[in-house]
């Protein structure tokens, strides 16, 4: 028996090696060691940009157009029908994905903000460190701004999530407090970020200022909006490009662009697929409405912006996202035309009608459309609203503009103002005690 | 390796081992010693002559021999030894004295209760088994035209629910043993083929919608299978510890016998299949009429004058109708050819078989093709040492076709497109509408090839130290390689934009297992013991390499190397498992058996704090039929009661690194590498545990004509491996933790009856029925999913998994024509709060009835399968009874039943696309849109059915005739499969689960290939 006994024990021992049971992945870093040196610091900030890409590639632009009047549902997937009909349940796939995607980007930015200051790597220069941090503050600001205008005031997470216990006790803030956080982050970002003559797909001082101008517009801080918009417009790095279509034509990154997210063959954006008909390889779920088609085709309204659509008859489709062969369309986050229209609106609100019309007409002229005939303050504001609708026909603007100006009821017939905010994800209401079981009103 | 570590971990098991080993030692010392001997020689034969390979053992002793090929044997008896035990699988065991040994006649056995069955790591006499185990012979599943043996177990065994998810050959199936135990971890059982743990992970990467693309067990040729054993209760499965909670399926393949002449068998059949039912849509004029009605009604709802509205079709009657289904459906061919040789010498046995199987789908263009080779070999190097190997090599080929939720799938492109739209453009090119592709373009150009190479093999050595004491060491691998090449040329929608696109995947799923088992079997007087200890090292490796290419110079050039832009990636994951186990079974006086087992498992998947799990079980068997007071009664030929309880665990289906906090790579931007937080750490993560109690009885009555098995079980699975939703503001959406509980309770009844047993005529019936009730006992919060974001399936505490979450349509108001839904919260409006659970995809019971009749040379069999109480979400009607809201989709005839005028009684509401006031009950918006958005119970159907699964008529040519041709047996037969079905289901086929890729979204019917109805003719020849 003795040899058997020993043989068995040997087998038992050999097989119970603790090492045998320790396995680590080869495609991920342990959470505690994710930002330790120059390489991982750079990777972490790029990961935060990747988070912005994830929600801006398709979901967020869809939320900006589908509930409004420029784009109609033409497919089979319910989430788009729900957005189009403004009957959005709390488990709508697109609103949930956008909401979760934004917080994922914020968490990535929070990790950078928390850990990069502690990195002691001689190869990480002070300048690069401050750039990385500035970018993280910008991304967090963008995230909270996009949450605020879609869902109202949200819960402000300002530290990376290490475990669930750290989440407790964070209640929803007011929209005003959410926007204050955005402003605070933008102020830090503006201080830390660099500015060069060519970068458009990473945050720079001008991107922070441009977002600041937009924030002021949403908050009605007209003078500040004008100042920040002017600061960006004054930068020779940016101009209204001609023809209109050149900003959404490869190789992109035109002088029009203040901030856009670049995609590539290895990092694809297939948003075009939702816009193109199946005869061109797409799914044709999002279709330009009859009204935007007629406005774009009207030389006195759309002008050269008719390049946004193709096809004819009942199969007109949008071609803002058009790299169907390569899927490399950027996400257009801030264009210089928006700064003109922000300043126009801010000026009109301050009674500077001539200057406002000047900005408005700059945008119109670029699209080969004659000057606006608006005279009165209200006509000018209406003209700016209409211009926004055409200039940013398929970008994340129209819905948020109508909600911001409280005109969604008048323009869209959506008189129930509860529907002006998206619902929080159902799973959050159920799983987050700090929401106290409450969604946005009406959901 | 670190020896100190080794010692520390090993010490946990050492105490237990010492006890068991001490027991062994005691038995060894008890062995008697003898000196004088008597030689005995004899012969064993059957009705057909001498039989080789028969076991001849000395009763009470541990020695024995086997007969030579002519049936003769020689053995030496020692003093005190008087009786020889002559046994052979499939025959009644004979007990003979030395004199009677000269000529022993073996009779074929018909007794279910007395055979030997395979259990975890051992074989046991069924009489004494305390666990709930069902055994199905390989014969019961052969020659049916389906690729996977597991699919063929449908209706053949109690406690097993089997459903083909679609009629795609070699496609995914649903297989559950005693219900769904889990929510996020796997619910598939453990498959063990000849001692090899095989992977049931689907290796196919190509997305074919939400369907499971393949059945990984289809790589095994059902004809090579000798026996399938299904371990169901805790006592039977606990020995597999953490792998056993979902049940264990043990497959034993055919092996040769010692001293047996080579026996060659040839099986061939050919079959023709068509669809049980084909799709029906409204014709052109009907579609135009409905489209007009929608526009007119919507105008009325908006307060417009309907006479001023331009209708889409001025004259719908003139619309043409294009039949797309004649292109879609076909008569599919099935071919199967097999050749096997088995036999043995006095030192070795062999079985080798080759097979070829090809099956065409009844819907173009899918095919499945399989080549298999099996080689089983055992060699007795000495009387003590046996080595052997079992190897299965197979090559499978599939051309995959996407369906269900993919609008560019073949069925979608034929079914959903409006029937008045031409298939071709005037210039002869393929016409496409809305989101849909052209079905003919797809049929002609789809090019998605998946080639699998699978090797399941082991080598083992078995050393007999002393009679009854054996050590077996086995080294196994399951190497599953899948190589996929997909090419979308410019003639199909998926390739148009990119000027051709291609993807190539290499997937490797490898399972390595090493196992040592020491078994001890001993009978002495009224005591018998059967004990084992062992250990297992198990390692699972998953690897994937992907390449894609876009932009090709010509449709004939498909290699990714020729593409304009290319990308590639690779990934791998490894998980490991270390196990120690022991099991002992003690029987007293052939009446009472006590079973106990314990397994300890350590897994690399779990948190450092909770890596090890311990899974004990125990069982008790009482053969009451052996008691005098029962025997005196004379009613029972055999009567047995058993009870068992125990724990088993589950760790499959979660990620290899699920317990670690991670920041994942691949979050890249600007072609530079990025990382992003991807997973929260859970150092406490541990086993999902199933506690099961089983009470059963087995009895035989009426002179062994009727055998009955009844089981009741109560399973409680707790510490579920659950992806618990966490607040999104954390930057994560779910957190894997041990939370939640699921309960499954059920009753199983199996009957085996010999209805008539005459010289010429013989008729047997097998009936089984299984009831299971599933309930989620504990859950963090509702989890809704399914149907591409429509969240029609819900997991909710207090309800069964696979529940459907919809608005309950009460009726259609016969005055307004609007749908009226149940206002659950009595708010007077229809909101999300009114969505409720209205049914479930799980059947209340399933079962089968098999009848086998033979009259002289003819045999006749028929097999019914039934299931009752499950619901099916008919997504085809969901889309095609749309009231005009889907501008690019046609209608099914049910839409014609819509309400049209006051007084109409129907459940299909008035057609409209009006969308204002989405909260109004009995309002136009909620007919097909609004808050309800067609998530209405009117599309939920009863999926119960009774189906004549197979019916067979065979003729065996008399042996006197075939011997002249030097053959030993020839049988010809015809068989029909899925010939006849009773169901109230409105769709094509009630045997369907289109979203089967996710275990929690069962019971959808969505643009799916229906089950084939097959007629086949076949021939079995042996010589």
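Chains as they are written, first to last, in my numbering: chain A, 29 to 471; chain B, 113 to 1135. For glycine and all other residues, C-beta sits at the position ideal for the given N, C-alpha and C. On a predicted model such as this, the values are computed, not experimentally measured, just so you know.
Outcome for residue i when other beta-carbon atoms lying within 10 angstroms are tallied against a minimum of 16
i	result
residue 204(A)	exposed
residue 1138(B)	Lying before the first or after the last residue shown, residue 1138(B) is absent from chain B, which here runs from 113 to 1135.
residue 357(A)	buried
residue 1073(B)	exposed
residue 105(B)	In the structure displayed, chain B extends from 113 to 1135; residue 105(B) sits before or after that span and is not available.
residue 455(A)	buried
residue 1094(B)	exposed
residue 665(B)	exposed
residue 594(B)	buried
residue 47(A)	exposed
residue 264(A)	exposed
residue 469(A)	exposed
residue 870(B)	exposed
residue 453(A)	buried
Under 8 angstroms between C-beta atoms of residue i and residue j
i	j	result
residue 372(B)	residue 800(B)	no
residue 237(A)	residue 256(A)	yes
residue 270(A)	residue 418(A)	no
residue 318(B)	residue 560(B)	yes
residue 276(A)	residue 231(A)	no
residue 525(B)	residue 554(B)	yes
residue 1038(B)	residue 322(B)	no
residue 848(B)	residue 797(B)	yes
residue 144(A)	residue 59(A)	no
residue 642(B)	residue 629(B)	no
residue 65(B)	residue 469(B)	No statement about residue 65(B) is possible, as the shown extent of chain B runs from 113 to 1135 and does not include it.
residue 880(B)	residue 912(B)	no
residue 347(B)	residue 806(B)	yes
Reduced DSSP category for residue i - H, G, I as helix; E, B as strand; rest coil
i	result
residue 689(B)	strand
residue 877(B)	strand
residue 1051(B)	helix
residue 770(B)	coil
residue 223(B)	Low confidence applies to residue 223(B): its pLDDT is 44, below 50, so where it sits in the model is not reliable, and the reading given next is rough at best. Residue 223(B) falls in the coil class under three-state DSSP.
residue 222(A)	coil
residue 662(B)	strand
residue 462(B)	strand
residue 925(B)	coil
residue 304(A)	coil
residue 454(A)	helix
residue 351(A)	coil
residue 325(A)	helix
residue 759(B)	strand
residue 303(B)	strand
residue 141(A)	helix
residue 920(B)	coil
residue 333(A)	helix
Expected contact under 8 angstroms - CB spacing of residue i and residue j to nearest Å
i	j	result
residue 1125(B)	residue 388(B)	5 angstroms
Item to complete: Within the region 579 to 655 of chain B, note down every full alpha helix (DSSP H) run reaching 4 residues or more, in order along the chain.
Response: Listed in chain order, the complete alpha helix (DSSP H) runs (minimum 4 residues) inside the region 579 to 655 of chain B are 605 to 608.
Item to complete: Mind listing, in chain order, the continuous beta strand (DSSP E) runs of no fewer than 3 residues lying wholly within the region 475 to 539 of chain B?
Response: 479 to 492, 497 to 511
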